[in-house]
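Notes for the one structure printed next.
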Amino acid sequence: LHNLLDDDGWLTTNDVGRLESGCLVYEGRADDLINCAGVKLVPELIEAALRESLGRDVPLAVAKVPDARRGEGVLVAVERGASLETDAVRAATIRVLKEFGVEPGDALHVQLIDALPMTANGKLQRSRLTAEFQGTAAVPDAAQEPLKFDSILDLFQQGFPGEDVRPDDSFESLGGDSLTYIQFSMTLEKRLGSLPADWHRASVSQLQALTAGTGRSPWRRLESSTFMRALSVVCIVALHVEAFVYSRNHGAASMLILLIGYSVARFQLPEMVQSGSVRTVLRTALRVAIPTFLVVAAMQLLAREFQALPLLLVSNWSDPYAIRGFSFYFLEVYIQLLLFAAVLFSIRRVREAFRSHPMRSALLLLAGIVLADQAIHAVWNTDYLFNRVPHRYAWIFASGIVMGCANSLTSRMVAFAVVTAGALIAWGLTTATGFVVGGSALVLF
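Sequential numbering from 75 applies to the sequence shown in my numbering.
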């Protein structure tokens, strides 16, 4: 027989609640909780918020359903007799879920049913809603099968199952998130040949108009950030092999650091804010650290000379003249900045600040990093390390985050002004300043 008491002698009910001001507040059943992208959602709280918006007597219920991308999705079942449009229910649910910290995207499903399933004593059977939805859902799992489509409208209808997709809808307006961004961008690029700037804000009809005459040109467009990343790498390699000298001030390396921060803000910050997890940044750090370690280890084996600091990827903290053989200080700084970002965004208040006010938070982060860098430099001059330590590059990394958080013309102009001012203060009127400022303008505008 199953023991109904826990180790302390309390009856195990599998209910969820909390103590608040001396009162025990009941929140629902533990097995009804919805784990959507790492955020625990209580169906009863969602239902209460929906009734505040749609009407207190609306016969609706919320249950969990499987979702390949987020773990579990949200099902809102409404009785047909309620005379509610599914669009109104969907819009209200999206607003409620955003208040709980979830961007549902295609993990939200609204279903009309004849009657809510209840037990003989009047309790809602959420498990039956889940089972019935799984039995009737005929839409292929977008994470399992590639999207096949005849038109852009078909693509959006498959990518956002259950949505009433209209020609004036866009990826952004339909609630697309970072989890579906890459799949959509790759699929669209195959059809269009190149991705227009801010394609996620373009309407279905605008994207459809771009399909005319595509697919014949051998030329492909690159996103400006990708172009600048490639150009920076070429310039750095050329400088090392003395093919040509683009700059004596290492502007390309600084541009790469700027783009690292930009990429974190643009692609990884939304997922961290939504899920509360920094695994996406840690995975990136590992993808850089593992091959770097293997290359350093292979070089040490060939040279028959062992040094621990390069293997641990921290040789940038040691006197460069004391390091024999090969070390990759730039990759070490890269990894250390990503670890800094992981620690920073593991703090809940930081994530909440970036969720509410991303641009303002990015500017405050930059200001704090600049002050911290100056304070550290006042007591520890790292010139003997050639300043190859993360806090000396952190302001560039944070400037990239500012750029990644700029989502309007005004905020992009502010970001450009910030980068320009920082470059002029750091390097003066040099080729490094020109490279970084010019590259930033290309990425932002």
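Idealized CB from N, CA, C, for every residue including glycine.
Asked, Found
"Boundaries (first-last residue) of the beta strand (DSSP E) holding T397", "For the sequence presented, residue 397 should be read as Ile rather than Thr. Taken as a continuous stretch (DSSP letters only), I397 belongs to no beta strand (DSSP E), as it is neither H nor E."
"Three-state secondary structure (DSSP) of S277", "strand"
"Which of helix, strand or coil DSSP assigns to K114", "strand"
"Boundaries of the beta strand (DSSP E) in which D573 is found, first to last residue", "Nothing about residue 573 can be reported from this structure: the residues present for the chain run from 75 to 519 only."
"Inter-residue CB distance, V362 and Y408 (contact presumed, cutoff 8 Å)", "6 Å"
"I334 (DSSP reduced to helix, strand or coil)", "helix"
"Beta-carbon proximity of V139 to Q208, cut-off 8 Å", "yes"
"Sequence-distant residues of the same chain with beta carbon closer than 6 Å to A217, five excluded per side", "Interpretation of A217 is limited by its pLDDT of 41, a score under 50 that renders its predicted location unreliable; no figure is taken from the coordinates."
"Whole-Å CB distance - G145 paired with N195, under 8 Å assumed", "That pair is no contact at about 31 Å."
"The region 174-193 touching the region 437-449, judged by at least three CB pairs closer than 8 Å", "no"
"Meets three-Cβ-pair contact criterion under 8 Å: the region 425-436 and the region 474-484", "yes"
"Cross-strand partners of L182 (DSSP beta bridge)", "V148"
"Expected contact under 8 Å - CB spacing of R353 and E379 to nearest Å", "The pair is not a contact, with the Cβ atoms about 36 Å apart (cut-off 8 Å)."
"N-terminal and C-terminal residue of the alpha helix (DSSP H) that W501 is part of", "483-501"
"DSSP-derived helix/strand/coil call for V239", "coil"
"Test item: CB-CB of A436 and A339 under 8 Å", "yes"
"Which of helix, strand or coil DSSP assigns to E206", "helix"
"Secondary structure of V463, DSSP reduced to three states", "coil"
"Status (buried if at least 16 other CB within 10 Å, exposed otherwise) for E126", "exposed"
"Endpoints, the alpha helix (DSSP H) within which Q199 is located", "Per DSSP, Q199 belongs to no alpha helix (DSSP H) and is neither H nor E."
"S485 burial status per 10 Å Cβ neighbour count (16 or more: buried)", "buried"
"8 Å Cβ cutoff met for L405 and T456", "no"
"Sufficient close CB pairs (3 or more, under 8 Å) joining the region 418-425 to the region 456-467", "no"
"Segment contact flag, the region 144-160 with the region 176-186, C-beta cutoff 8 Å, min 3 pairs", "yes"
"DSSP three-state assignment for V369, whether helix, strand or coil", "helix"
"CB of I120 within 8 Å of CB of V132, strictly", "no"
"Residue from V417, T285, R357, F471 whose Cα sits closest to the Cα of G335", "F471"
"CB-CB length for L229 against T261, believed under 8 Å", "6 Å"
"Which listed residue (E177, G512, S389, A449) has its alpha carbon closest to that of V347", "E177"
"Residues near P55 in its chain [Cβ-Cβ closer than 6 Å; skip 5 each side]", "Only positions 75 to 519 of the chain appear in this structure, which leaves residue 55 out of reach."
"V417 burial status per 10 Å Cβ neighbour count (16 or more: buried)", "exposed"
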